[in-house]
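1 is the number of the first residue of the sequence shown in full-length UniProt numbering; add one for each residue after it.
Glycine included, every Cβ here is placed at the ideal spot set by N, Cα and C.
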Amino acid sequence: MKIQFNRKMIGMLLIACSITAISCNSKTKDTQNSKSDETAEDSTVATTAIQANEVSFKDENGKDITLSSLKGKVVFINFWATWCPPCIHEMPSINTLKQSFKGNDDIVFLMVDVDGTMEKSKAFMTENKYDLQVYIPNGDIPQDFLGNAIPTTVIINKKGEMVDRMEGGRDYADPEIAKSLNELIQSN
Numbered sequence: 001m002k003i004q005f006n007r008k009m010i011g012m013l014l015i016a017c018s019i020t021a022i023s024c025n026s027k028t029k030d031t032q033n034s035k036s037d038e039t040a041e042d043s044t045v046a047t048t049a050i051q052a053n054e055v056s057f058k059d060e061n062g063k064d065i066t067l068s069s070l071k072g073k074v075v076f077i078n079f080w081a082t083w084c085p086p087c088i089h090e091m092p093s094i095n096t097l098k099q100s101f102k103g104n105d106d107i108v109f110l111m112v113d114v115d116g117t118m119e120k121s122k123a124f125m126t127e128n129k130y131d132l133q134v135y136i137p138n139g140d141i142p143q144d145f146l147g148n149a150i151p152t153t154v155i156i157n158k159k160g161e162m163v164d165r166m167e168g169g170r171d172y173a174d175p176e177i178a179k180s181l182n183e184l185i186q187s188n
C-alpha cells in the first residue's frame, strides 16, 4: 500500500508539530518556574513563622474554632474539596496518620472544605469511613495558608506559628511525616 502526502497535508502536519513543540516548551518553563517558586516558598515557610491567631473555622455542629484557641497543640490543617481528585487520593493516608496519633491530645486535625459544603463533606467522610472531622472556613483564609492550589496542608506549631505548608497531594502515611509531627509535639 502506498501512502501519498499532498502539500496541504504536510503543511498541516508541520503546523501541528510546531504547536505541540511550543506547548511542551511552555509547559516545561511553567514547571521550572513552579518548582523555583515552590522552593522559594518552602524555604520562606521554614524560616518565617507566621502567626495564625485569628484564623477561624466552623465545625459540623456550627461551633466556631480559632487557631488561637488551639495554642499549645500542633495543628494539622488540610484544605480540600470533594471534587478534587488529588484531595480524595490523599485522604486515606491522612486518615492513617490521624489514627497513629489517636488518643494524643497534643495534636489536632482540621479537614477544611474550601467549598464550604458541610453536608457533602460529612457524607463523603461517612461513606468512606474516615475518622476526620470536617470544618469550613469562617471567613477569608489567609493567602499564606492557602495559595492557588488544593490540596494544601498547613502545620501550626504549639506557639501558633505556621511552620510548614505543602501544596499538592502527599502520602501522609510516610513515617517521616509522623516523625516530624512528633518532633513538634515534643518541642516547647
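Taking the straight line between their C-alpha atoms, what separation do you get for D174 and S100?
Here the question's residue 174 lines up with position 174 in the sequence shown. Here the question's residue 100 lines up with position 100 in the sequence shown. The alpha-carbon atoms of D174 and S100 are separated by roughly 11 Å.
Around the Cβ of D113, are there at least 16 other Cβ atoms within 10 angstroms (buried) or fewer (exposed)?
By one-based count along the sequence shown, residue 113 stands at place 113. Buried.
Once DSSP output is grouped into helix, strand and coil, what is the label at L146?
As a first step, residue 146 is located in the sequence shown; it is residue number 146 there, counting from the start. Three-state result, L146: coil.
May I ask you to verify whether the segment 76–85 touches the segment 137–154, counting CB pairs closer than 8 Å and requiring at least 3?
Short answer: they touch.
Check whether the Cβ atoms of K73 and D106 sit closer than 8 Å, and answer yes or no.
Residue mapping note: residue 73 aligns to position 73 of the sequence shown, counting from 1. Residue mapping note: residue 106 aligns to position 106 of the sequence shown, counting from 1. Taking the C-beta atoms as reference points, D106 is found nearer than 8 Å to K73.
Could you have a look at S187 and say whether DSSP puts it in helix, strand or coil?
As a first step, residue 187 must be located in the sequence shown, where it is residue number 187. The answer is coil: DSSP assigns S187 none of H, G, I, E or B.
Checking the sheet assignment: what are the DSSP bridge partners for Y172?
Looking up residue 172 in the sequence shown gives position 172. Y172 pairs with nothing; no bridge assigned.
How big is the Cα-Cα spacing for E54 and S121?
Along the sequence shown, one-based indexing puts residue 54 at 54. Along the sequence shown, one-based indexing puts residue 121 at 121. Approximately 24 Å, taken between the alpha carbons.
Whole-angstrom C-beta distance between M111 and Y135, which should lie under 8 Å:
As a first step, residue 135 is located in the sequence shown; it is residue number 135 there, counting from the start. As a first step, residue 111 is located in the sequence shown; it is residue number 111 there, counting from the start. About 7 Å separates the two Cβ atoms, so the contact holds.
Below 8 Å on the Cβ atoms is my guess for N157 versus F57; work out the distance and round it to an integer in Å.
Stepping through the sequence shown from its first residue, residue 157 is reached at position 157. Stepping through the sequence shown from its first residue, residue 57 is reached at position 57. Contact between N157 and F57 is absent: CB atoms are separated by about 18 Å, not below the 8 Å threshold.
A178 vs L97 beta-carbon contact at 8 Å:
Looking up residue 178 in the sequence shown gives position 178. Looking up residue 97 in the sequence shown gives position 97. Yes, Cβ-Cβ distance for A178 and L97 is below 8 Å.
I need the boundaries of the alpha helix (DSSP H) containing E167, first residue and last residue.
Here residue 167 corresponds to residue number 167 of the sequence shown, with the count starting at 1. Run containing E167: none in the alpha helix (DSSP H); it sits in the beta strand (DSSP E), E161 to E167.
Please name the residue or residues paired with I65 in a DSSP beta bridge.
As a first step, residue 65 must be located in the sequence shown, where it is residue number 65. DSSP, once it has assigned bridges, lists F57 as partnering I65.
Complete alpha helix (DSSP H) runs within the segment 62–111 (minimum length 4 residues, chain order)
85–100
Sequence-distant residues of its chain with Cβ nearer than 7 Å to S180 (five each side left out):
Position 180 of the sequence shown, counted from the first residue, corresponds to residue 180. Here the set comprises nothing.
Measure the C-alpha to C-alpha separation of N95 and R170 and round it to an integer number of angstroms.
Mapped onto the sequence shown, residue 95 falls at position 95. Mapped onto the sequence shown, residue 170 falls at position 170. If you take the alpha carbons of N95 and R170, they lie about 12 Å apart.
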